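Residue numbers (my numbering): 23 to 407.
From the three backbone atoms N, C-alpha and C, an ideal C-beta is built for every residue, glycine too.
Note that this is a predicted model, so its numbers are computed, not measured.
Notes to accompany the following structure.
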Ligand SMILES: Cc1ncc(COP(=O)(O)O)c(C=O)c1O
């Protein structure tokens with residue numbers, strides 16, 4: 023296998039470092055949006071730099087921003103929260119997920135995680151000394167989270183369930199009936215639901231995003247993460263939030279105060295402009311992802327590569343088992359041959375070596391070129407081993 027000493031995030035870093043060595047590299051697996059942050063948001067940040075640069079900020083975030091977040095989660099997610107006690111602003115989704123794990127779980131507790139899933143959850147659990155109970159899913163079921171499988175995986179240490187919908191990297195969206203069954207299960211076994219809604223505005227075909235906290239019985243036991251990184255192309259601004267019931271949120275606020283204190287005041291004003299200003303940029307990006315999704319799916323169909331149909335998010339998780347190669351080895355070969363980087367499934371979870379992640383986060387012409395080069399690489403690889 024390629025890069026035998028490297029697994030998980032380290033494996034990705036090694037491949038990204040190799041790609042950086044090529045001036046014409048196309049990073050087809052990248053996770054950060056390629057659009058500029060909308061200009062009115064940048065302007066709001068400039069104003070905040072002049073007018074608010076020396077302001078002290080509360081650990082939980084500016085009240086005006088928490089109010090805007092409460093309005094947003096009501097409007098988009100049908101979650102009712104009190105901005106005074108049930109919202110905390112975070113440094114992006116990344117800090118939010120660590121805070122949620124620390125607030126909801128104690129060392130020795132266990133959490134059920136549908137896999138594959140976003141890498142950093144594994145790291146967060148490791149540092150929180152929480153046991154992960156992985157629940158494998160496959161392309162054959164479009165990476166469904168099966169409530170019966172969750173029930174079968176429960177142990178007496180299980181205290182929480184992670185629901186990322188749409189999921190990264192599988193692009194699977196949890197359907198209403200499954201979500202209702204999962205909430206009933208959480209109620210029965212007194213589990214906290216850690217919900218990650220970061221891709222909630224990017225949904226395809228007739229699928230529907232439903233926040234667990236919006237369903238009966240959901241809110242009292244659910245911590246919900248979101249961030250502006252994906253929806254407004256604001257990855258580097260580090261602006262996210264957690265909403266949830268007041269008792270758990272009191273703990274989140276304490277942790278936030280202890281770890282970083284308040285989030286940068288400049289980014290908070292930028293976030294306020296994003297949430298209260300024009301929403302057309304989000305629609306423009308969502309429309310572009312829809313077009314790009316079709317381009318990627320058509321190309322994979324042409325290459326004869328099977329995949330879970332992306333129901334939401336910005337990814338395709340494609341099954342490359344027919345090549346006979348591990349995904350890390352295949353990714354390295356495609357990169358070396360054609361300077362196109364697809365992300366190996368084994369970087370997300372060591373059991374997912376038969377998959378690669380590709381994303382829609384390139385302008386269409388670059389996406390087309392990347393796919394064409396990938397087609398050439400696949401032909402070369404299939405002809406030579
Ligand atoms: C599912 C999921 N949650 C959280 C994050 C972290 O988001 P942020 O960039 O806001 O830290 C990501 C980033 O890719 C993600 O895919």
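{"Check": "Residue 71 burial status per 10 Å Cβ neighbour count (16 or more: buried)", "Outcome": "exposed"}
{"Check": "Alpha-carbon to alpha-carbon, residue 193 and residue 147", "Outcome": "22 Å"}
{"Check": "Per-residue burial, residue 35 [other beta carbons within 10 Å of its own, 16 or more giving buried]", "Outcome": "exposed"}
{"Check": "Beta strand (DSSP E) runs contained entirely in the segment 180 to 212, provided each spans 3 or more residues", "Outcome": "180 to 186"}
{"Check": "CB contact flag (residue 172, residue 204, <8 Å)", "Outcome": "yes"}
{"Check": "Below 6 Å from a heavy atom of ligand 1 - residues by beta-carbon", "Outcome": "53, 114, 115, 116, 119, 140, 186, 190, 218, 220, 249, 251, 257, 262"}
{"Check": "Host alpha helix (DSSP H) of residue 252 (start-end)", "Outcome": "250 to 253"}
{"Check": "Helix, strand or coil at residue 267 [DSSP, three-state]", "Outcome": "coil"}
{"Check": "Coarse secondary structure for residue 375, derived from DSSP in three states", "Outcome": "coil"}
{"Check": "Endpoints, the beta strand (DSSP E) within which residue 345 is located", "Outcome": "Unbroken run through residue 345: none, as it is neither H nor E."}
{"Check": "Secondary structure of residue 329, DSSP reduced to three states", "Outcome": "strand"}
{"Check": "Same chain, Cβ closer than 6 Å to residue 267, neighbours up to 5 away in sequence not counted", "Outcome": "242"}
{"Check": "Classification of residue 246 by the beta-carbon crowding that lies within 10 angstroms, buried from 16 upward", "Outcome": "buried"}
{"Check": "Residue 110 vs residue 271 beta-carbon contact at 8 Å", "Outcome": "yes"}
{"Check": "Endpoints, the beta strand (DSSP E) within which residue 135 is located", "Outcome": "132 to 137"}
{"Check": "Within 8 Å, strictly: CB atoms of residue 389 and residue 315", "Outcome": "no"}
{"Check": "Span separating the alpha-carbon of residue 117 from that of residue 405", "Outcome": "45 Å"}
{"Check": "Candidates 264, 250, 187, of which the one nearest residue 258 by Cα", "Outcome": "250"}
{"Check": "Residue 156 in three-state terms, based on DSSP", "Outcome": "strand"}
{"Check": "Inter-stretch contact at 8 Å, needing at least 3 Cβ pairs: the segment 122 to 136 / the segment 153 to 165", "Outcome": "yes"}
{"Check": "Expected contact under 8 Å - CB spacing of residue 124 and residue 150 to nearest Å", "Outcome": "6 Å"}
{"Check": "Residue(s) in a DSSP beta bridge with residue 365", "Outcome": "379"}
{"Check": "Paired residues, beta bridge with residue 356 - DSSP", "Outcome": "Answer is none; residue 356 lacks a bridge partner."}
{"Check": "Contact set for residue 288: own chain, Cβ-Cβ below 7 Å, skip 5 residues either direction", "Outcome": "67, 70, 71"}
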